[in-house]
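Residue numbers for the sequence shown, in the working numbering: 11 to 727.
Below: one structure, written as structure tokens.
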Amino acid sequence: METQEIAAAARHFSAMARIVGPDPKAVKMRRHAFHLHHSGSTTLSASALLLPRGALAEPPPLLDHICAVHGHVAGDVALTAASLVEPFLVAEQRNNSGEELQPRLVPEVRLDVLVEQGSAQDGKSGPPRWLPARLLAMVDVPTAADSALSLLRHEEFIRRPTWDVGWSLADANQKQVENDTRCSLKSNRNNASIESVDPLMLSKSATRIAILGISTFNSNDARCINVSVMQQRGDPLLIVGSPFGLMSPFHFFNSISVGAVANCLPPCTVRSSLLMADIHCLPGMEGAPVFDRNSCLVGLLMNPLRQKGSNIEVQLVITWDAICMEWNSKKLDEIGRAPRELPNGKNTDSKSMELRHGYNYGRFVSSMVNKINQHCISPPLLREAISAVVLVTVSDTSWASGIVLNKRGLVLTNAHLLEPWRFGRTSPSDLQASFTGEHLNAGENKSSQPEGKFSNEDAVNHNVSLFNLGFKREKRISVRLDHAERQIWCNASVVFISKGPLDVALLQIDKVPIELNTIRPEFVCPTAGSSVYVVGHGLFGPRSGLSSSLSSGVVSKVVQIPSNQLSHLASALETDNMDIPVMLQTTAAVHPGASGGVLVNSHGLMVGIITSNAKHGGGSTIPHLNFSIPCKLLVALFKYSAIGKLVILEQLDKPNEVLSSVWALAPSSSPFVSSSPEKGKEEKVLEFSKFLSDKQQALKSTADLKELFRYKTPSKI
């Protein structure tokens, strides 16, 4: 289906929920990215999934029973993020931080839902209208919470900025609230407890759903909604939500956003409870329904995970399949109890959570969806490219991504993963390259990994200088292969580290497993505007157990230089005096850890290797401005992969001033733009080559290298 058709069908099941309640101290909007506060009351809004009566062929038993218990048998329901209503719960339930099957709001709170009006007969739609609503229940989805918890607990083992739940804009709003209001000491203590909430509470908060009851708004316009069964990385997604909706529904109600599945959790399972989505979302879209390419319901968008100290957000989607599995008959007895008999946070699982194993979830097949939308899977060629991307770790200090080149286990990655100090340069401007490897805490225990060794003997065999070995210590290199429902760790050793301007290195897997998928290169450079995908291990490292993540975008710029300025690569390129692409810029999101990942086109062919992001002078990276080395410059590596003669790689070790200037993000006055490199050679000194030459002469001892590390912080992260 075309995007317009999917959107037209999806809008009938999309709504916006609004809550208005008393807030004399203006604290209800804490941790909300936007709000309206007027005359002692606060208004919040979120998106919602609208489920008219009869829209689902087999609604979850829990949903029907909740409606029956509350006497809402004939009405429709809407599902949204529980964060919308939680600030207005009565004090004992608000402080409980658990699901509530008999929720109670403070007095004078008003809930309503904005819905579209349309007719199935003539296809015309009228103006949207508000319908009164009431809160029926707030229900957890434990399998989705388990998956979110696995991401949050990953941070307990590494010294990195911790993750929180909510939009990045909420931080600025919270500071404004604190400046504009005077809170009591008790309120401040409550706020402090929110900030110090543990990962378990955050994971449950991120995946809790509020069920709203509304009156039937169009009984003559019956529509059914189909459900998507299985999602895979790269599958297209469409969201209908209302960002900043309460500010002006006329402008923002039921806006469309498109993207793709970035990753699936739990990893290595057939069915997913939680999706990471590569899609542009804004505050107010939490609770929005998510649809696939056939306008089938995938699940609900929830509040994102956000990394403290940065603007990085991870969009989360709870799958409808997980909701159906959890909202089954096991909760029905709890719903029928009187409020005083309902479980609370003091004696139930609000303080603890059973971690479910992926294989149990993978065996579950929802009876309502097992025959629907079976064919909606990722293109096979894209899946092949995804399976050729591996996770590479060096000792207990860093990780990045790699690409399998052949069946013998040759892996392409970035040189800065192995030699980060060589790439500590910055550009003359405020914009510089930030290289996308990631560092681990040295104390992290990766006991499941076998040990591989990076020794001085490797350096002699492959012409790697002793300077490039840093402290001359042995380094353990491991490679993780992700296949279907299992992950395989292998030892690896160094084959080649380029000493030239290209940030590339080759590793060899020591014992090659039978299941080994390889990448297929495309040496014809993509043009600006071409669709591309990035596949790599960004943000979440080995401890998380996640497979590689995917993001999509377009080639925004192809940087080219004359072929006569790449004479050292002439034998491999066969250029015929044409301009040669030397850098690809894309709009796909690239995060730390994606270094060495693959850039592929819509046919699943490799067009480049991910190397770096742009970086502000202040230190923050720009995920959607990143740089890759085109396959056109990597011909020698693929020839070596096929033939195995090291002499082929010697051309990559030769310095090239022009190419180094490009990758240093030199300004437009660079020599390769203003004049021929043949002129004024003696006056021009290649910054990177000079850096290497000076350091190789000056660094004669371990103490010298330690001093270098003290003052030269790598910009490749």
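Note that CB positions come from ideal geometry on N, CA and C, so glycine has one too.
This structure is a prediction, so every number in the text was calculated from the model and none was measured.
*Among G244, D245 and F263, which residue has its Cα nearest to the Cα of S252?*
Along the sequence shown, one-based indexing puts residue 252 at 242. S252 has its Cα closest to that of F263, out of G244, D245 and F263.
_Best match in V87, S258 and S558 for proximity to Q242 [C-alpha to C-alpha]_ = Residue numbering aside, residue 242 sits at position 232 when the sequence shown is read from its first letter. Closest by alpha carbon: S558.
*Where do the N-terminal and C-terminal ends of the alpha helix (DSSP H) with I529 fall, by residue?*
Along the sequence shown, one-based indexing puts residue 529 at 519. Secondary structure note for I529: it is in no alpha helix (DSSP H), with a DSSP letter that is neither H nor E.
*Measure the CB-CB distance between S391 and H613 and report whether it falls below 8 Å.*
Counting from one through the sequence shown, the residue named residue 391 turns up at place 381. Counting from one through the sequence shown, the residue named residue 613 turns up at place 603. Correcting the residue identity first, residue 391 is Leu in this sequence and not Ser. Against a cut-off of 8 Å, the Cβ pair of H613 and L391 comes out as a contact.
_alpha helix (DSSP H) segment containing Q518, residue limits_ = On the sequence shown, residue 518 is found 508 positions in, with the first residue counted as 1. Where Q518 is concerned, there is no enclosing alpha helix (DSSP H), although the beta strand (DSSP E) it sits in stretches over A515 to I519.
*beta strand (DSSP E) containing S26: first to last residue?*
In the sequence shown, the residue the question calls residue 26 occupies position 16. One point to set straight first is that residue 26 is Met, not Ser, in the sequence displayed. Unbroken beta strand (DSSP E) run through M26: S24 to P32.
*Pick helix, strand or coil for E394, following the three-state DSSP scheme.*
For the purposes of this step, residue 394 is identified with residue 384 of the sequence shown, where counting begins at 1. Three-state DSSP puts E394 in a helix.
*Give a yes or no on contact between the stretch 42-55 and the stretch 147-159, applying the rule of three or more CB pairs nearer than 8 Å.*
no
_Residue environment, V175, which counts as buried when at least 16 other CB atoms sit within 10 Å_ = Here residue 175 is taken as the residue at index 165 of the sequence shown, counted from 1. Buried, since its Cβ has 16 or more Cβ neighbours within 10 Å.
*In the structure shown, what three-state DSSP assignment does V375 receive?*
If you number the sequence shown from 1, residue 375 lands on position 365. Confidence at V375 is low in this model, with a pLDDT of 33, below 50, so the placement of that residue should be treated as unreliable; the coordinate-derived value is given next. Of the three classes helix, strand and coil, the one that applies to V375 here is coil, per DSSP.
*Taking the C-alpha atoms as reference points, what is the distance between E96 and L124?*
Taking the sequence shown and counting its residues from 1, the one referred to as residue 96 is at position 86. Taking the sequence shown and counting its residues from 1, the one referred to as residue 124 is at position 114. Straight-line Cα distance between these residues: approximately 20 Å.
*Minimum C-alpha distance to V119 - residue among A216, L179 and F98*: Looking up residue 119 in the sequence shown gives position 109. The shortest C-alpha separation from V119 is found at F98.
_Of the listed residues V565, P640 and L222, nearest to M26 (C-alpha basis)_ = Locating residue 26 in the sequence shown gives position 16, counting from the first residue. Out of V565, P640 and L222, L222 has the C-alpha closest to the C-alpha of M26.
*Could you tell me the boundaries of the alpha helix (DSSP H) in which H634 lies?*
Mapped onto the sequence shown, residue 634 falls at position 624. No alpha helix (DSSP H) holds H634; the beta strand (DSSP E) holding it covers T631 to P640.
_In the DSSP output, which residue or residues are listed as bridge partners for N236?_
Start at 1 with the first residue of the sequence shown, and residue 236 comes out as number 226. For N236, which the question treats as bridged, DSSP gives no partner whatsoever.
*Comparing alpha-carbon positions, which option in A502, L326, C77 and V592 lies nearest V534?*
As a working note, residue 534 is residue 524 in the sequence shown. When only C-alpha atoms are compared, the closest one is V592.
*Going by C-alpha distance, which of C641, Q595, A272 and V610 is nearest S622?*
The count along the sequence shown starts at 1 and reaches residue 622 at position 612. Closest by alpha carbon: Q595.
*So K625 is in the beta strand (DSSP E); what residue range does that whole segment cover?*
Locating residue 625 in the sequence shown gives position 615, counting from the first residue. M616 to K625 is the extent of the beta strand (DSSP E) around K625.
_First through last residue of the alpha helix (DSSP H) which encompasses P276_ = Taking the sequence shown and counting its residues from 1, one reaches residue 276 at position 266. Run containing P276: none; DSSP gives neither H nor E here.
*Please confirm whether I396 and V565 have their CB atoms less than 8 Å apart.*
What you label residue 396 is simply residue 386 of the sequence shown in a count that begins at 1. What you label residue 565 is simply residue 555 of the sequence shown in a count that begins at 1. No.
_Closer than 8 Å is the cut-off here; do at least three beta carbon pairs connect the stretch 244-260 with the stretch 54-69?_
yes
*Give me the Cα-Cα distance between S735 and D406, rounded to the nearest whole angstrom.*
With the chain covering 11 to 727 only, the question about residue 735 has no answer from this structure.
*Could you tell me the boundaries of the alpha helix (DSSP H) in which S213 lies?*
In the sequence shown, the residue the question calls residue 213 occupies position 203. Unbroken alpha helix (DSSP H) run through S213: P209 to A216.
_Alpha-carbon to alpha-carbon, V271 and T13_ = Stepping through the sequence shown from its first residue, residue 13 is reached at position 3. Stepping through the sequence shown from its first residue, residue 271 is reached at position 261. If you take the alpha carbons of T13 and V271, they lie about 16 Å apart.
*In the DSSP assignment, find the unbroken beta strand (DSSP E) run with T90 in it and report its ends.*
Counting from 1 along the sequence shown, the entry for residue 90 is found at position 80. Taken as a continuous stretch (DSSP letters only), the beta strand (DSSP E) holding T90 covers D86 to A91.
*asked:* Are the CB atoms of M616 and R530 within a distance shorter than 8 Å?
replied: Counting from one through the sequence shown, the residue named residue 530 turns up at place 520. Counting from one through the sequence shown, the residue named residue 616 turns up at place 606. Going by C-beta atoms, R530 is nearer than 8 Å to M616.
*In this structure, does DSSP put T172 in helix, strand or coil?*
Here the question's residue 172 lines up with position 162 in the sequence shown. Coil.
*Could you work out which residue in N236, A232 and G294 is closest to S258 when comparing CA atoms only?*
The sequence position of residue 258 within the sequence shown is 248, counting from 1. The option with the nearest alpha carbon to S258 is G294.
*Do you know how far the Cα of R114 is from the Cα of V610?*
Mapped onto the sequence shown, residue 610 falls at position 600. Mapped onto the sequence shown, residue 114 falls at position 104. When only Cα atoms are considered, V610 and R114 end up about 51 Å apart.
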